[in-house]
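Chains as they are written, first to last, in the numbering used here: chain A, 275 to 610; chain B, 414 to 1120; chain C, 769 to 1000. Just so you know, even glycine gets a beta-carbon here, dropped at the ideal spot from N, CA and C. Remember, it's a predicted structure, so these values are computed and weren't measured experimentally.
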């Protein structure tokens, strides 16, 4: 990669102002660095300076803190910390499950939560410099007629990436709020953090230049669950996954939130499925299946990814069962 | 010369089936400690002082013309010595058109960036067999009539994807050259073929350079064939600048331009009776190869089964993609996949147990025995009837068989006994992970009658005696006779000295556990016997490439059985157990032989379920030239793997070929197990969840009973 | 600009927020005024003193971030208990620093994208991939590589068990697997088979040694290795 300087601010606020400092022509923010280094090695970015916030610790002492029905997670909390957190496993298991399903132990140990949210897509046309695709300022999306097995089944285009973050849909069902510094606003709801490609193609999120995530808060949801389908179990990007958070009263589901991942350019909210779960009995398999079958409504599969529709329905169904603590079909001896 | 300290040898108890099956059941790899401590130096680890770093300039698309590049901008960068563009046309992603030379890896990479190559893509690229082939050939007349009069027919199309070797140490050489002499550290499967290919490029007489290959990080067939363009280019540059030159591919280059197992397409139109007797038919194959249209063979029929009157035909289809190279049993896993699945489909159509049906078709009796043994071990009696399951999680079992020939090659072996009692076993042949080093040590120690710890093995240098490349599963098979002879020769010479000193009859002398015995009674210790040597004794042995003596060491046959489950709602497969019964002749080192079997099975499993070189059909570029989207099986994809080293009675004829046969039947056995579980076949590798879900849907559509 | 020292000193008056801003403005203005090779002279001549990289680090910990690079920067890596000074560009990964600048080739470059675990090292007790970490990010941490596992001339029990169970073939993935296994046992002295699979899921072996690796880890943790003929 080309050479660059590195600056290590002591706070996120300083980092934010460095990001808009006119002295630098292409500053890049780096936390854990896994996504940044991938871009640098592929020659996709040539920053003149990295603003390195890897060691910035939030004002809060703890990586994950609970206060009543609210959780607070620092920007630099690692995926591994999320995965192992006893607090999360107890009161927001969907988030711990989403985190542990991502990447590898080596990557999880350095990958930051904010970095996971804001990482760029894995689309192989985007990730390789010889494709002048829409997202890189070109005028063509190679996925439309090309190898689109892993691309989106929702959305009209013109770009068909799937949002790459495992934890974003989990945070969606937990009504997360993302706090930022450096801009005019204090925070942005997770539901407003990302936009579809037709609203802007060069980036996936709505942060302004100079806004840096400091932490996020979200609700607890003891009855929540995550389910993903991957081709390879050891380390793989999911083909589809679902996150579910339920409010249960006795044997009835009072309220539900359902959000899917790896199927659309943004974390894909599934209000129809959520509505169908409201009022259903926790033991009503037919109702749960019906709610799951609504997930693939309005899907616009591409040539090679129609298989994702059935997978998505299965993910929603099994995430609901997991949230309820009910048995899920699994291999003899448990999952791999 | 790197010293090899003796390593821990202690019994492993987890394979009771194989105890007592080898010359040395418990020997651990002699180079184990060097490898687990990170001390083992591979070619890629050798960064000579004052060295130059070289990288190829490569075409980024399936077909493109290099229109513009800025070599001035590249040359002006600090540390960049040379930029050379030799071609303007690239016929596949990764095709090299030139190179850059720099004084550091950073400068080398920056030269490539600054070069700013502008390529114009050609719109016509061929990226699949289907796209490149002409129309479907007509059925041959003979088969036509067979099919018309048959009880049943099967008309099916099978395909496999391109598999890249993915050696973890990439291709390359580090040439430590100072103008007068050189040491070439090569990542190769053929120490001597590298040396033989380098004479002109390195501009030195043979006496002035040596190829060193003491550790190789994988090859699997792709590192045969001499120095390659990596070696030739690095040697040329080193000779030109009279400085060391280092050229190693990065991971993308390794996927793109160091060979692969070609893709295949097999069409089967066969006729069979209601009892599962195959009458014959047409089996045609295609191989998806590189632009030079070669190397795409697909070995079906394997000739292991009686298939009646089969007419065949093969065509290589040129793709705008990196070309094939021999990959562990070239042509065989592709063919075996189609053949085994085809047979299970025949069994299903006839309502027959696929094992019973195969026992009537298998030609080789040992293979039948192994199949029955494997069936017992996997618990074949618990196999569900195909198509009988309707639950979410369905169990399936499948099987496949294998065989491999014996390919003779020339080996020169030396066993040297020194006056101080130390022993050296020497061969120039490399150890690519097969355990050649250890095997040689065991043969020497066993042949001499002394403990393994007393033997030092020197391998992997072209200054040592000549040995074969590690390909075709020839290494142990051909080294063994040579080392057995060399050890015998050295022992005889030593015992002559003892006989003279003790006035004994040499014929009465023997060496056992480091003691010299006369008619079974100890006469002196090893050390004392060696003290009689004036300087050193050299025993030599040779295996000839036309060695016809050991006919019985051919045909390393085997049978594998797979037990798995399919989640029919997600399409995910969980392989639980694989039993691999493998004939290996006289096994030298049990643990190493088991590892070869296990390794072959894992590669077969990964091939069956995950690996696929994916080309963008618009540009011809490979879109997954990395290790996150080119998927290789990992720890959470592993079944229990049970290697069974099969021997008929007490094998005295010597070791059999082992590297390749265990990787042949695995994908086929897995595909059969999936058919058993789901009730419909997945005929296209890799068997990914999307394909499984489609098969589940198909099975629902044509519900039928079966076996 | 080939500076290996930062170009400004910590401002002792910058404890308050406004002080920080003020200090930063002055530093920014100061840095903007610097030319290329004139920098050293300018710094020496300025009222603010030259500081060492160590002081810059301390300063960064307070509120005065130093710009490092783009030219080579002096830094010290604590590798296997030894301080190892190097001078490398900030864009240098920890893996490249180990292999090319410190001659420690035990950690392997295999995929260079963090997907195969071959370059695994332990940083302050955490397992990570050194190819996806900048060397500067490892400054101040304890780095353990495969070369550091053997102690006092004796190899680590996990290394012993890898040899015993033939959990290696070509050996290229072995350092990464040994380090990952060591990390697992450091954190979980008696792991189940499933926990072993999960901990090593980020390591690729092409020769196919995984099942022997499981047995090596099981026995290294004092448990029985798997016996054939039993369904897991």
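Cβ of residue 584 of chain A within 9 angstroms of any chain B Cβ: yes
Euclidean distance between Cα positions of residue 958 of chain C and residue 966 of chain C: 14 angstroms
For residue 437 of chain B, the three-state DSSP class (helix, strand or coil): In the structure shown, residue 437 of chain B sits in a strand (DSSP, three-state: E or B).
Residue 937 of chain C burial status per 10 Å Cβ neighbour count (16 or more: buried): Around the beta carbon of residue 937 of chain C, a 10 Å sphere encloses 16 or more other beta carbons of the protein chains shown; the residue is thus reported as buried.
Any C-beta of chain A under 9 angstroms from that of residue 855 of chain B: no
Interface residues of chain A facing residue 668 of chain B [CB-CB closer than 8 angstroms]: The contacting residues do not exist; residue 668 of chain B stays about 12 angstroms from chain A at best.
Euclidean distance between Cα positions of residue 715 of chain B and residue 745 of chain B: 8 angstroms
Closest by C-alpha distance to residue 515 of chain B, when choosing among B:431, B:458 and B:657: B:657
Against chain C: residues of the region 1032 to 1059 of chain B by CB proximity under 7 angstroms: The residues in question are 1039, 1040, 1041, 1045, 1047, 1048, 1049, 1051, 1053, 1054 and 1055.
is_contact[residue 996 of chain C, chain A] using C-beta, thresh 9 angstroms: no
Range covered by the beta strand (DSSP E) that runs through residue 913 of chain C: From DSSP, residue 913 of chain C is part of no beta strand (DSSP E); its letter is neither H nor E.
9 angstroms Cβ cutoff, residue 518 of chain B in contact with chain C: So, interface residue.
Straight-line Cα distance separating residue 491 of chain B from residue 889 of chain C: 32 angstroms
Chain B contact residues for residue 881 of chain C, given Cβ-Cβ distances below 9 angstroms: 664, 1039, 1040 and 1041
Contacting residues, own chain, Cβ-Cβ under 6 angstroms from residue 568 of chain B (five flanking each side not counted): 682
Proximity winner among A:489, A:341, A:398 and A:358, relative to residue 434 of chain A (alpha-carbon distances): A:398
Close-in-space but distant-in-sequence residues of the same chain around residue 789 of chain C (CB under 7 angstroms, 5 per side omitted): Below a pLDDT of 50, predicted positions are generally treated as unreliable, and residue 789 of chain C, at 29, falls in that range; the measurement from the model is reported next regardless. There are no such residues.
Residue span of the alpha helix (DSSP H) that contains residue 763 of chain B, given as start and end: 745 to 763
C-beta neighbour in chain B for residue 509 of chain A, strict 9 angstroms: Yes - at least one Cβ of chain B is within 9 angstroms of the one on residue 509 of chain A.
Between the CA atoms of residue 836 of chain C and residue 813 of chain C - distance to the nearest angstrom: In this predicted model, residue 813 of chain C has a pLDDT of only 35, less than 50, meaning its place in the structure is not dependable; the value taken from the coordinates is given anyway. About 21 angstroms.
Partners in chain B for residue 980 of chain C, counting only beta-carbon separations shorter than 8 angstroms: Using a Cβ-Cβ cut-off of 8 angstroms, residue 980 of chain C is close to 1008 and 1011 of chain B, given in chain order.
For residue 625 of chain B and residue 874 of chain B, believed in contact at Cβ under 8 angstroms, the rounded distance: 5 angstroms
Boundaries (first-last residue) of the beta strand (DSSP E) holding residue 487 of chain A: 486 to 493
Any C-beta of chain A under 9 angstroms from that of residue 522 of chain B: By this cut-off, residue 522 of chain B is an interface position.
Within chain B, the residues that residue 398 of chain A reaches when beta carbons sit closer than 7 angstroms: Per Cβ cutoff of 7 angstroms: 1036, 1037 and 1042.
Stretch pair the region 448 to 456 of chain B + the region 927 to 944 of chain C: three plus CB contacts closer than 8 angstroms: yes
Neighbour flag for residue 973 of chain B against chain C, beta carbons, 9 angstroms: no
Sequence-distant residues of the same chain with beta carbon closer than 7 angstroms to residue 868 of chain B, five excluded per side: 836, 838, 854, 857 and 858
CB contact check: residue 801 of chain C to chain B, cutoff 9 angstroms: Any reading at residue 801 of chain C must be qualified, since the residue scores a pLDDT of 34, below 50, and its modelled position is unreliable; the value itself is stated next. No, residue 801 of chain C does not count as interfacial toward chain B.
Chain-ordered chain C contacts of residue 312 of chain A [CB-CB under 9 angstroms]: 881, 882 and 900
Min CB distance residue 990 of chain C to chain B below 9 angstroms: no
For residue 517 of chain A, the first and last residue of its enclosing beta strand (DSSP E): 514 to 523
Neighbouring residues, chain B, relative to residue 323 of chain A (Cβ below 9 angstroms): What residue 323 of chain A touches in chain B: nothing, since even the nearest Cβ is about 17 angstroms away.
Residue 678 of chain B and residue 710 of chain B closer than 9 angstroms at C-beta: no
Extent of the continuous alpha helix (DSSP H) run through residue 422 of chain A: Unbroken run through residue 422 of chain A: none, as it is neither H nor E.
CB contact below 9 angstroms: residue 1014 of chain C versus chain B: There is simply no residue 1014 of chain C to check, as chain C begins at 769 and stops at 1000 in what is shown.
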